[in-house]
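Every number in the numbering used here is 310 more than the matching position in the sequence shown, counting from 1. Everything below concerns the one structure shown next.
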Amino acid sequence: MTLLKREEWQDIVRDVAWTYSFVDDETVYPDWQSGTGKVPREAWDAWEESYKVVYPEYVSTQHDKEGAAYAVKAALQRSTAFETLSEGWKSATKMHYGGVSLVEYAGLIGELRMARFGLNPGWQNMAIFGALDEIRHAQITMFFGHEFVGKDPQYDWTQKAFHTNDWVMISLRSLFDAMIISPNAVDLAIQLPMTFETGFTNLQFVALSSDALESGDVNFANMISSIQTDEARHSQQGGPTLEILVEHDPVRAQWVVDKFFWLTARAFSALTGPPMDYYTPVEHRKQSYREFMEEWIVDQFVRTLNDYGLRKPWYWDEFMEGLDVWHHSLHMGLWYWRPTTWWKPAAGVDAASVEWLREKYPNWDTLYGDKWKVLAEAINSGNMEATLPETLPWLCNMCHLPCCNATYGRDGTWRVRNHSLKHNGTTYHFCSKTCRQIWWEDRDNINHTTLVERFLLGEIQPMDVPGLLAYMGITPDVAGDDADGYAWARDYATGSGAPELIIAGGGS
């Protein structure tokens with residue numbers, strides 16, 4: 311029997327579509343699910359991915375990836391590698407496991423929705439492979455994280471985190487409900503594969519993989535590298551979709567990209583910024599968070615916008631300024647409210663780390679240096695209560711992260727600005743002008759109530775700190791504390807106990 315060459319049968323198996331005789335097209339692909347909007351239905355015939363795959367090749371490749379990933383894991387289970395890792399780095403992995411594992415499952419739901427409502431058979435075919443990818447990603451992340459539950463109960467949040475009302479998880483659910491669960495297929499393809507996976511997963515998977523290897527965590531680096539190799543394939547669903555949308559409805563295309571670039575950047579400033587610049591031991595840091603953002607995200611994003619004829623978002627200056635502020639402020643907030651996290655935040659402000667931070671971020675000392683000195687003084691004097699929160703942080707009604715973006719005015723005043731607006735008799739608070747603008751434009755869509763709002767509405771009982779921790783699912787065995795046992799604070803004390811940082815070389 312003569313076998314056809316691949317190029318002779320590729321399009322046959324890829325473009326499996328037919329015209330329904332018993333129902334019209336609008337019934338099969340309703341606009342509220344497909345999202346074609348102003349784009350003529352026939353325009354989607356031009357949709358074509360650049361990298362094509364068929365099932366036998368897919369299975370063979372994935373089999374090899376799985377074999378390699380689990381072989382390394384099995385070998386490392388017989389070693390003592392985990393015990394040699396710093397507590398700060400372990401916290402970076404706990405953040406990833408808890409914050410990402412069930413996002414992969416949400417990605418599965420998104421891929422299945424595109425497989426059903428995608429407006430081109432090639433798109434549907436690619437989404438099916440994407441769904442298989444996301445099943446694998448959720449499974450491998452939960453399996454790798456589960457190994458450490460017996461050694462540290464905080465790893466149990468690999469599976470548990472998304473089922474709680476911890477304030478970090480409310481923020482992530484707010485983002486991914488809007489990005490993956492609720493949108494139509496067209497918007498979903500631009501929000502998830504294009505804006506999120508093409509750009510920002512590089513930040514979490516490539517950057518942290520590099521830091522993991524430097525920190526000696528071959529197991530974690532092996533896992534996330536195996537996942538990232540899949541993203542390059544199914545993330546290409548976004549490009550062809552955006553190209554068609556830009557041609558027929560550029561205003562909508564610009565808005566979808568702008569909105570989710572901003573919201574994703576806000577989330578990653580909390581999820582990835584602190585591990586890169588604070589939790590990873592200073593001697594193992596390959597790049598600063600800002601350097602990696604500029605190289606892997608900013609440059610790529612600007613090129614993508616130019617390629618598709620889109621302009622920079624209206625908030626570009628605010629975003630670029632945020633690269634020097636957001637993650638530092640959120641890191642300080644995560645450390646200060648550490649009893650509400652399922653990991654142990656590493657302060658990362660010992661003498662060597664502060665030198666590194668001053669080099670990478672010239673304004674760091676002006677904005678944050680004296681705040682850490684005050685905290686260190688309290689620790690060194692035994693006044694630990696002064697380093698713990700007495701109130702709840704005010705949370706942004708859009709991104710659900712604390713309103714803690716620091717500014718330093720010309721008058722020398724350090725302040726955190728509140729950007730608010732009143733709507734239907736209610737005052738809403740935002741961390742930034744852009745979050746406020748996005749919320750206003752999108753106010754009739756899904757908007758979660760913040761944890762603080764739930765507290766003030768009486769939904770959290772009893773209305774005290776134990777009641778709040780119980781509502782968030784934080785029990786004493788998993789409540790966060792300083793990763794290094796506050797050893798870093800010693801670097802802020804001279805021989806006389808003055809709260810001044812000792813700089814390398816002996817000066818203060």
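For glycine and all other residues, C-beta sits at the position ideal for the given N, C-alpha and C.
What are the boundary residues of the beta strand (DSSP E) that includes residue i?
| i | result |
| --- | --- |
| T737 | 736-740 |
Once DSSP output is grouped into helix, strand and coil, what is the label at residue i?
| i | result |
| --- | --- |
| H710 | coil |
| R725 | strand |
| A716 | strand |
| R423 | helix |
| G347 | coil |
| D609 | helix |
| F765 | helix |
| I490 | helix |
| P699 | coil |
| E593 | helix |
| T785 | coil |
| Y361 | coil |
| M773 | coil |
| V459 | coil |
| W653 | coil |
| T428 | In the sequence on display, residue 428 carries Gly and not Thr. In the structure shown, G428 sits in coil (DSSP, three-state: anything other than H, G, I, E or B). |
| H407 | Checking the displayed sequence, the identity of residue 407 turns out to be Tyr instead of His. Reduced to three states, the DSSP call for Y407 is helix. |
| T511 | helix |
| P550 | helix |
| V659 | coil |
| R483 | helix |
| G619 | coil |
| D321 | helix |
| P672 | coil |
| L314 | coil |
| L341 | Contrary to the premise, residue 341 reads as Asp rather than Leu in this sequence. Helix. |
| D791 | coil |
| D752 | coil |
| T390 | coil |
Kindly identify the DSSP beta-bridge partner or partners of residue i.
| i | result |
| --- | --- |
| S730 | H739 |
| L705 | P712 |
Return the first residue and the last residue of the alpha helix (DSSP H) that residue i is part of.
| i | result |
| --- | --- |
| A471 | It is not in any alpha helix (DSSP H) - A471 carries neither H nor E in the DSSP assignment. |
| W682 | 680-690 |
| A575 | 560-581 |
| H447 | 431-456 |
| N529 | 528-544 |
| A381 | 365-387 |
| G643 | 636-646 |
| Y599 | 599-602 |
| S627 | This sequence places Asp at residue 627; Ser is not what is there. From DSSP, the alpha helix (DSSP H) with D627 extends over 626-632. |
| D521 | 518-525 |
| W328 | Element bounds for W328: n/a, residue is neither H nor E. |
| A797 | Looking at the DSSP string, A797 is not in any alpha helix (DSSP H), and its letter there is neither H nor E. |
| L395 | Premise fails: L395 is in no alpha helix (DSSP H) and is neither H nor E. |
| D497 | 495-499 |
| T760 | No alpha helix (DSSP H) holds T760; DSSP gives it neither H nor E. |
| T337 | 335-338 |
Contact criterion: CB-CB distance below 8 Å. Does residue i meet it with respect to chain C?
| i | result |
| --- | --- |
| A688 | Absent from the structure: chain C. Only one protein chain is present. |
Quick one: any contact between the segment 561-577 and the segment 607-626, if contact means 3 or more CB pairs under 8 Å? yes
Below 8 Å, can you find three or more Cβ-Cβ pairs linking the segment 662-675 to the segment 583-600? yes
At a cut of 8 Å, does the segment 478-491 reach the segment 414-425 through at least three beta carbon pairs? yes
Contact between the segment 672-680 and the segment 688-706 (3+ Cβ pairs under 8 Å): no
Quick one: any contact between the segment 783-797 and the segment 473-489, if contact means 3 or more CB pairs under 8 Å? yes
How do the segment 517-532 and the segment 318-335 stand: do at least 3 beta-carbon pairs fall below 8 Å, yes or no? no
Hey, is the segment 725-732 in contact with the segment 497-509, meaning 3+ C-beta pairs nearer than 8 Å? no
Would you check if there are 3 or more beta carbon pairs closer than 8 Å linking the segment 317-324 to the segment 357-369? yes
I'd like to know if the segment 628-644 and the segment 447-454 are in contact, where contact means that at least 3 CB-CB pairs between them fall below 8 Å. no
Under 8 Å: do the segment 432-448 and the segment 401-421 share three or more Cβ pairs, one atom per stretch? yes
Is the number of C-beta pairs between the segment 394-407 and the segment 371-382 that are closer than 8 Å three or more? no
Contact between the segment 546-566 and the segment 608-620 is defined here as three or more beta-carbon pairs at a separation below 8 Å; is this criterion met? yes
Counting beta carbon pairs with one atom in the segment 455-470 and one in the segment 639-655, are three or more of them shorter than 8 Å? yes
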